[in-house]
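In this note's numbering, the protein residues as written are 2 to 119.
Even glycine gets a Cβ: it sits at the ideal position worked out from N, Cα and C.
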């Protein structure tokens with residue numbers, strides 16, 4: 002278990018392939034956000050920044066999945082990212098990837114593990 006986890010949200014806030022939760026990432030700079038979604042039963046978290054042009058992905062706050070829930074989608078230009086790896090499967094950034102963030106789910110909550118940024 003990490004020494005410095007930060008609570009993101011309750012586990013119940015994340016339904017499979019549904020709305021995600023955004024959170025501030027001041028460790029990466031002013032105004033930088035991250036997000037967490039649930040995919041294949043586990044929380045998956047990333048920096049909320051497209052690998053192509055650096056804009057936030059969600060088209061409305063927390064809306065990261067494309068309509069059939071198979072991929073995360075950049076609202077600006079439609080790049081599709083695999084929700085486990087963050088790898089860009091289609092779009093102008095094909096072959097690039099979102100920056101993954103380490104998270105833990107325990108005791109009914111989702112925690113960001115900040116060791117990487119200490």
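Residue environment, residue 73, which counts as buried when at least 16 other CB atoms sit within 10 Å: buried
Cβ atoms of residue 65 and residue 35: under 8 Å apart, would you say? No; because the gap between Cβ atoms is not below 8 Å, this pair is not in contact.
For residue 62, three-class secondary structure by DSSP: Look at residue 62 here: in three-state DSSP terms it is coil, with no helix or strand label.
When you compare only the Cα positions, how much space is there between residue 53 and residue 109? 34 Å
Decide if residue 8 is buried, meaning its Cβ has at least 16 other Cβ atoms within 10 Å, or exposed. exposed
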